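*Asks:*
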Amino acid sequence: MSRSSKSNKPASKRQKSSAPLFVAIGAAVATVGAGAAVFFVWQKSQVPTGVIGTASAIPQEAQVVMAFNTTSEPWQKLVQFGTPDSQKLLSEGMEKSPLNSLLVQSKTDFSRDVQPWLKGHVITALIADPQKPNAPPATLVIAPTSDRAKSDLFLTKYRDALTQQGAKFTPKEYKEFKYYESPTRDPNNSVITADIGGRYVAIATSSALIQRTIDTYKGDLPSLAKKSSFATVFGAESKSNIAEPLVQIYLDGAIALEFIGSQTKLSLGEPIIAQSRRELDAITLTAGTQKEGLRFEVTTYLKDKGTTNNPQAQTAAGTVLNSLPQEAFLLVSGINLNQSWQSLVAQAKGNANSEQMLDQIRKSVKDATKLDLERDILKWMTGEFAIAAIPNNQGILANPGFGFVVLLQTSNDKDAQATFDKLDAAAKTSSSGLIPQGVDLKSKKLGDRDIVTWQVGNATMASHGSLGNNFVFWSMGDLADQFVPKPTKSLPESSSFQILTTGLPKTNGGYFYLNMTTALTIADRLLPPDIRSTPSFTQVRAVLDAIRGIAVTSTNINSRITRLDFLFTLKPTPGN
């Protein structure tokens, strides 16, 4: 059995050091927060490599795991994207990052003192102590080393720098493995560094954790790699569409939603969290690049086989998109609004805030239209749907420069027509609210379609009608002229849609799609100059200017795995 000594950075500080890497790949990764990880391989014999190999030395109680790719090539691809302003913001953020501050504090340089020995992923993990179930999890940071002498030199330099700042490291031994421990200002945390068998550089905030890590490395305790949910995610059967991930995050289902809520300041409510503990096996996030920009995958794993009645498990044929014109710049599409609503109602039970929000939606619909949301509107909406924003400068849309259209596939033509009849009646008698007063109903011929328009004087406020094939629509202003009859070029046929959805699953449960270039042009018209001139807006705009568009799809992988794919298509940096 080999002896050990040296190590890496304080776990609490190293945990914070993951933040700048998230800055580098965008705000979507920040929702998972700081903390999480893995480390590498174990003693002799043939062992798996990569994240799953490192996990064979991590205690199985790890709940939040984050693995960072340390290969320089994938990170260098980030410089291909963005405007000069967004690249400047990124550079400034990295200079102020905890990682950079930590390297400065220890008088070390990543390329000079770390890269020469680093082999594979740097992994961070929050690990619960089975002997103290109510205590906060301790932090472990671990990285494989290919050169023990160089990694020992780094750890010595690191400890010397902390010693000059007041740390008092004491050498200790556990089962012939040496580690160094120093107290911190926090009585509940220590700074512990260790070389584990000449294979790993490890840092922890608890001596109990570093000892359990040694036991796991030796094979005396079960490892994270043997945990079924983790092995499913990172094992050979994992089928990520991101070729070379920059960051991979694993959240155990027992704490996943609670952890996300704490990092994003969201109040999810105990009923939702309790349900997630019962049903969730794990949630993972994978981030990387592709030719068009940044790619993310958020995957949810259920404990059981799930149910095909889950709305996320249904697949939309995408027929509804063929009725939208290529100019549409914002889209939300999917299938079975009725079932989606019923799922929300079920999940809200026992959560006062959620139930109140749903009741407010019901009331708002009732006040505006005199229709019951569930009985009059949603009951026949079991097919595909799309809500889209389309540029238009005519009539009532001249000022905003765009309007919305709702396309719905009906399961019952009579129920759909009854809903529109009630909506027309509400419009004719409206005296206040969202529907303007003085609406006259008129018929209009568009191609071979007869539609109904809401007229106030000479202005068309809205229109609705049938598109055939069991599809109906409601749209603002004169938008119907752009897609009735069928548009000359549909949204899926446009080059923008094809580029912004490159590589995303074509068979999916729906899209979120935003053409940022068009959206920003409209925003410039609508936002007052005093808002657009503020420093905070200028910084946000610098980031948004670097984005060509955003596309998201929801896909059912199988009966228990659902994935959200995100693609942020970015503008190339000038010169690339």
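Residue numbering for the sequence shown follows full-length UniProt numbering, beginning at 1 and increasing consecutively.
We put the CB at the ideal spot given by N, CA and C, even for glycine.
Only a predicted model underlies this, so the values are computations on that prediction, with no experimental measurement involved.
1. Could you give the DSSP three-state label for Phe-230: helix, strand or coil?
2. DSSP on Ile-214, reduced to helix/strand/coil?
3. To the nearest angstrom, how far is it from the Cα of Leu-564 to the Cα of Val-552?
4. Straight-line CA distance for Ala-418 to Leu-378?
5. Where Thr-145 and Leu-126 are concerned, what is the direct C-alpha to C-alpha distance, given to the nearest angstrom?
6. Using a Cβ distance threshold of 8 Å, determine whether the region 219–235 contacts the region 58–76, with at least three qualifying pairs required.
7. Below 7 Å CB to CB, which residues in the same chain sit around Thr-453 once its five sequence neighbours on both sides are set aside?
8. Give the secondary structure of Ser-333 by DSSP, where H, G and I count as helix, E and B as strand, and everything else as coil.
9. Report yes if the CB atom of Ile-273 is closer than 9 Å to the CB atom of Gly-261, and no otherwise.
10. Give the list of continuous alpha helix (DSSP H) stretches no shorter than 4 residues that lie fully inside the region 142–218.
11. If we ignore side chains and look at the alpha-carbon of each, how far apart do Ser-111 and Ala-546 end up?
12. Can you tell me where the alpha helix (DSSP H) with Phe-537 in it begins and where it stops?
13. Phe-296: buried (16+ other C-beta within 10 angstroms of its C-beta) or exposed?
14. Let me make sure I understand the geometry here. Which of Lys-178, Leu-570, Lys-363 has the alpha-carbon closest to that of Asp-152?
15. Quick check on the burial criterion: 16 or more other C-beta atoms within 10 angstroms. Buried or exposed for Gln-165?
16. Strictly by DSSP, which residues pair up with Ser-490?
17. Mark Gly-350 as exposed unless 16 or more other C-beta atoms lie within 10 angstroms of its C-beta, in which case mark it buried.
18. Evaluate Leu-514 with the Cβ neighbour count: other Cβ atoms within 10 Å of its Cβ, from every protein chain shown; 16 or more gives buried, anything less gives exposed.
19. Start and end of the beta strand (DSSP E) containing Asn-556?
20. At the level of alpha carbons, what is the spacing between Gly-288 and Glu-244?
21. So, with DSSP's three-state summary, where would you put Ala-388?
22. Looking at C-alpha atoms only, which residue of Pro-528, Ala-368, Ile-142, Asn-188 is the closest neighbour of Ala-67?
23. Can you tell me the Cα-Cα spacing of Thr-264 and Lys-172, whole angstroms?
24. Who are the Cβ neighbours of Phe-404 in its own chain at under 6 Å, not counting the five residues just before and after it?
25. Apply the 10 Å Cβ neighbour rule to Val-527 and answer buried if 16 or more other Cβ atoms are within range, or exposed otherwise.
26. Alpha carbon to alpha carbon, how far is Asp-113 from Thr-569? Give it in angstroms, no decimals.
27. When the distance is taken between beta carbons, is Gly-401 closer than 9 Å to Arg-525?
28. Find out if the Cβ-Cβ distance for the pair Lys-366, Leu-373 is shorter than 9 Å.
29. Which residue's Cα is closest to the Cα of Thr-216: Val-233, Gly-197, Leu-268, Phe-234?
30. Quick check on the burial criterion: 16 or more other C-beta atoms within 10 angstroms. Buried or exposed for Ser-206?
*Replies:* Walking through what the data contain:
1. helix
2. helix
3. 7 Å
4. 12 Å
5. 21 Å
6. yes
7. Lys-442, Lys-444, Thr-460, Ser-463
8. strand
9. yes
10. 148–164, 207–218
11. 28 Å
12. 535–544
13. buried
14. Lys-178
15. exposed
16. Pro-325
17. exposed
18. buried
19. 547–556
20. 6 Å
21. strand
22. Ile-142
23. 39 Å
24. Ala-389, Met-476
25. The question names Val, yet the displayed sequence has Leu at residue 527. Classification for Leu-527: exposed.
26. 35 Å
27. yes
28. yes
29. Gly-197
30. buried
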